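One line per chain: the protein sequences are A and B, in this order. The numbering used here applies: residue 1 is where the first sequence begins, and numbers increase by one. The numbering used here applies: residue 1 is where the second sequence begins, and numbers increase by one. For every residue, glycine included, the Cβ atom is placed at its ideal position computed from N, Cα and C. For clarity, every value in this text was computed on a predicted model and none was experimentally measured. Shown next, in structure tokens, is the structure this report addresses.
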Amino acid sequence: MLFLIELVESVRSFIATGGNVLYFVAVALLLMWILMIERYWFLASNYPTMRDDIIKRWDARADTTSWYAHRIRDTWISEATELLERNMLTIKTLVAMCPLIGLLGTVTGMISVFETMAQQGTGNPRLMAAGISMATIPTMAGMVAALSGVFFSTRLDAKVKLAKAKLVDSLPHH
Amino acid sequence: MKKVINFVLLAASLSAGFATTASANELDKLLEQVKADRISEAKLDKKREAEFLAARADKQALLNKAKKDLADQNARNDRLTKEYAANEITLAQKEVELDNAQGTLGEMFGVSRAAAASAYGSISTSIVSAQYPGRGESLNRIANSKEIPALEDLEELWFSLQTEMTESGKVAQFSTEVTNLDGSKSTENVTRIGTFNIVSDNGFLNYNDEVGQVQPLAKQPAGYISGTAADFFSVSSGFAPVYVDPSRGAILALETRKKTLEEFYHQGGTVGYAITVLLILGFLIALERFIVLGAVTSKMKTQQKNLAQPNENNPLGRLLKVYQENKGVDAETLELKLDEAILRETPSVDRGINLIKMFAAIAPLMGLLGTVIGMILTFQTITLFGTGDPKIMAGNISLALVTTALGLIAALPLILIHSVVAGKSKAVLHKLDEQSAGLIAAIAEKESK
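Take a look at the structure:
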């Protein structure tokens with residue numbers, strides 16, 4: 001319990017020095033990871049049964065060479081692809097947004113630095129330091145969030161492409 | 001010529017001898033009178049001499065008197081000098097006696113004076129003085145008096161310190177005169193939180209110790225802070241959370257100088273407003289797309305369940321219609337017809353989506369424009385006023401940064417919303433482009449069996 005309280009306290013102090021923009025980074029990161037975990041879950045548990053079902057249906061068909069059969073095969077592949085690629089665009093967008101949110105934090109931090117300068121002058125660097133930490137910490141947080149997403153989202157993309165290619169190969173015209 | 005002069009001289013001598021004989025009687029009279037006058041003047045002189053002599057005697061008497069007075073005063077002076085010297089000695093004796101009588105108490109009086117001086121500093125500026133005015137004066141008197149403090153003074157000091165101590169631990173409600181920002185005065189109920197803050201239902205108040213007035217802050221801090229003050233004021237029992245300024249007003253004073261978000265927004269100027277227009281336009285387009293695409297998707301879903309009766313109100317229904325009208329033709333012609341129909345449907349589905357993307361790209365650029373304008377203003381300021389005052393420069397720089405921030409703030413949601421809307425339209429297009437042919441093929445197969 002004490003460990004948790006310490007953890008919460010360290011997060012709180014981190015956000016206090018980094019400014020409110022960190023909340024946006026946190027929301028983007030959370031959303032990104034929820035979507036990515038959902039994708040992994042789909043690829044690991046739901047997709048194989050779906051794939052097997054499609055292959056079984058295709059194998060059961062008598063006619064697999066006519067124009068109609070081609071269209072039906074395309075449709076099934078398209079439906080499977082749609083499910084496979086759902087939310088991938090959003091995940092990529094979120095990955096791209098994280099550094100932008102960090103940049104927003106930089107700008108708001110610099111605004112607060114100059115605001116302090118406008119009010120108090122440059123006499124006390126300690127007063128400005130608060131704004132500077134508000135400028136740099138969100139940038140760092142945005143970068144870290146984006147990096148954590150870039151690796152896994154790329155892997156996920158490759159997985160989806162591979163799954164799609166395998167499905168296409170599993171539906172031969174015989 | 002000579003004759004004329006002789007005649008004149010003769011005439012003159014004749015006339016002079018004539019006049020002498022005429023005034024002989026008057027000269028006698030004059031002589032008589034001079035004689036008489038001489039006698040009377042001698043008399044007068046005598047008299048004046050007598051007067052002077054008499055006066056001389058008087059002056060002598062006066063001089064004698066003055067001399068006597070001087071001697072008297074000198075004598076008095078001597079006497080008083082002696083008396084003074086004697087008194088000095090007595091005074092010294094008495095002071096020694098006093099010191100002896102005071103004993104160690106003398107130190108205590110010094111301490112009490114110092115205590116009063118230090119208490120005066122903190123008590124006169126304390127907000128408790130708003131509730132109990134006039135405490136500072138007596139303390140000031142004790143601190144500055146040269147005499148030994150009287151018992152009442154000591155009691156006053158003790159009482160003031162005790163009041164401050166007790167009241168600093170209390171949350172008290174009292175009625176006081178509040179000097180409003182427009183100079184008018186009104187009597188209001190206020191709540192004092194220890195020695196930290198005074199709050200009323202309008203938020204935080206400030207105690208100005210220089211004029212001894214309770215004044216509202218020039219600007220209340222952010223709503224969530226001042227709101228707790230008003231809430232706290234209205235609570236009658238139990239506990240309520242409230243923001244307290246532990247620096248006794250200094251932080252609140254800084255807070256009043258802070259800009260609100262709204263003020264920051266308006267610093268962005270025209271560029272800022274243009275970015276806002278972009279954001280709103282983007283949102284409106286996205287909203288329209290959401291509604292239209294949502295309706296299309298749901299209609300297509302119902303159509304998919306009922307493939308036999310194509311409905312003209314959705315793209316999929318229109319494709320099915322094309323198939324039903326061209327049932328007899330061969331597969332290749334049918335495909336061409338379907339492709340044509342799909343091409344007709346595409347623009348209405350992905351309309352406006354690229355516009356959102358464009359807005360998302362333009363917003364940060366406009367922010368950059370605002371930054372550049374702000375920097376130009378900054379350098380103009382430098383040209384006019386030099387770099388001496390960082391405050392003047394910093395004002396424009398913060399103005400420049402605000403537009404950058406606004407550009408990013410507008411771009412972020414637009415990017416996100418674009419990805420969502422694009423995903424939706426892509427799904428619809430997929431259905432039309434890749435899956436409709438399959439559906440039609442399935443129907444055709446079923447019908448041919």
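Inset, instruction - Grab me the residues of residue 348 of chain B's own chain with a C-beta within less than 6 Å of its C-beta, minus the 5 sequence neighbours each way, in chain order. - result: Once the five neighbours on either side are set aside, residue 348 of chain B has no close Cβ partner at all.
Inset, instruction - Just the chain A side, please: which residues come within less than 7 Å of residue 430 of chain B by C-beta, in chain order? - result: Those are 78 and 82, listed as they occur along chain A.
Inset, instruction - Alpha carbon to alpha carbon, how far is residue 408 of chain B from residue 286 of chain B? Give it in angstroms, no decimals. - result: Spanning the two alpha carbons is a distance of roughly 18 Å.
Inset, instruction - Could you please tell me which residues of the segment 52-80 of chain A, in chain order, have their CB closer than 9 Å to any CB of chain B? - result: Against chain B - using a Cβ distance shorter than 9 Å - the residues of the segment 52-80 of chain A are 63, 66, 67, 68, 69, 70, 71, 72, 73, 74, 75, 76, 77, 78 and 79.
Legend entry - Short Cβ contact (8 Å threshold) for residue 279 of chain B with residue 97 of chain A: Cβ distance not < 8 Å, so residue 279 of chain B and residue 97 of chain A don't count as in contact.
Inset, instruction - On the DSSP bridge assignment, give the partners of residue 215 of chain B in chain order. - result: Residue 215 of chain B pairs with B/206.
Inset, instruction - Tell whether a beta-carbon distance below 8 Å holds between residue 429 of chain B and residue 330 of chain B. - result: In terms of Cβ geometry, residue 429 of chain B and residue 330 of chain B do not form a close pair [threshold 8 Å].
Inset, instruction - Output, in chain order, the set of chain A residues within a Cβ distance shorter than 8 Å of residue 404 of chain B. - result: Close to residue 404 of chain B, with beta-carbon spacing below 8 Å, are these residues of chain A in chain order: 107.
Inset, instruction - Within 10 angstroms of the Cβ of residue 62 of chain A, are there 16 or more other Cβ atoms? Answer buried if so, exposed if not. - result: Per the 10 Å Cβ criterion, exposed.
Inset, instruction - With DSSP collapsed to three states, give me the class of residue 146 of chain B. - result: Here residue 146 of chain B carries a coil assignment [DSSP, helix/strand/coil].
Legend entry - Near-chain B residues of the segment 108-123 of chain A - C-beta to any C-beta below 7 Å: Here the close residues are 108, 110, 111, 114, 115, 117, 118, 119, 121 and 122.
Legend entry - Per-residue contacts from residue 219 of chain B into chain A (C-beta, under 7 Å): The premise fails here: residue 219 of chain B is roughly 13 Å from chain A at the closest Cβ pair, so nothing lies under 7 Å.
Inset, instruction - Report all residues from its chain with a CB closer than 8 Å to the CB of residue 131 of chain B; omit the five preceding and five following residues, and keep chain order. - result: These residues qualify, in order along the chain: 167, 172, 174, 176 and 192.
Inset, instruction - Look at the Cβ atom of residue 345 of chain B, then the Cβ atom of residue 432 of chain B, and state whether they are nearer than 8 Å. - result: In contact: residue 345 of chain B and residue 432 of chain B (Cβ atoms closer than 8 Å).
Inset, instruction - Taking residue 109 of chain A and residue 131 of chain A to be in contact with their CB atoms under 8 Å, please state how far apart those CB atoms are, rounded to whole angstroms. - result: Residue 109 of chain A to residue 131 of chain A, Cβ: 5 Å. Contact.
Legend entry - Closer than 8 Å to chain A by CB, residue 398 of chain B: For residue 398 of chain B, the closest Cβ of chain A is nearer than 8 Å.
Legend entry - chain A residues whose Cβ lies nearer than 7 Å to that of residue 395 of chain B: In chain order: 118.
Legend entry - Which listed residue (B/257, B/418 and B/256) has its alpha carbon closest to that of residue 355 of chain B: Of B/257, B/418 and B/256, the residue nearest in Cα terms is B/418.
Inset, instruction - Less than 8 Å between the CB atoms is what I'm expecting for residue 55 of chain A and residue 170 of chain A, so what's the real figure, rounded? - result: About 5 Å separates the Cβ atoms of residue 55 of chain A and residue 170 of chain A, confirming a contact at the 8 Å cut-off.
Legend entry - Any chain A beta carbon closer than 8 Å to residue 115 of chain B: No, its Cβ sits nowhere closer than 8 Å to a Cβ of chain A.
Legend entry - Anticipated Cβ contact below 8 Å, residue 324 of chain B with residue 316 of chain B, distance rounded: Under the criterion of beta carbons closer than 8 Å, residue 324 of chain B and residue 316 of chain B do not qualify as touching, at roughly 13 Å.
Inset, instruction - Compute the Euclidean distance between the alpha carbons of residue 180 of chain B and residue 245 of chain B, then round it to the nearest angstrom. - result: One alpha carbon belongs to residue 180 of chain B, the other to residue 245 of chain B, and they sit about 21 Å apart.
Legend entry - Rounded separation between residue 161 of chain B and residue 226 of chain B - CA only: Rounded to the nearest angstrom, the two C-alpha atoms are 31 Å apart.
Legend entry - Sequence-distant residues of the same chain with beta carbon closer than 6 Å to residue 363 of chain B, five excluded per side: Cβ within range, chain order: 275, 278, 407, 410 and 411.
Inset, instruction - Give the range of the beta strand (DSSP E) segment to which residue 172 of chain B is assigned. - result: For residue 172 of chain B, the uninterrupted beta strand (DSSP E) run begins and ends at 171-179, by DSSP.
Legend entry - With 16 other Cβ atoms within 10 Å as the buried cut-off, status of residue 239 of chain B: The Cβ neighbour count for residue 239 of chain B, taken over all protein chains shown within 10 Å, is under 16; the residue is labelled exposed.
Inset, instruction - Could you confirm whether any beta carbon from chain A is found closer than 8 Å to the beta carbon of residue 205 of chain B? - result: No, residue 205 of chain B does not count as interfacial toward chain A.
Inset, instruction - Kindly confirm or deny that the segment 20-28 of chain A and the segment 129-144 of chain A touch, where touching means at least three C-beta pairs closer than 8 Å. - result: Taking 8 Å as the limit for Cβ pairs, the verdict is that the segment 129-144 of chain A does touch the segment 20-28 of chain A.
Legend entry - contact_flag[the segment 158-170 of chain A, the segment 83-96 of chain A] where n(CB pairs < 8 Å) is 3 or more: Note that the segment 158-170 of chain A touches the segment 83-96 of chain A; at least 3 beta-carbon pairs, one per stretch, sit closer than 8 Å.
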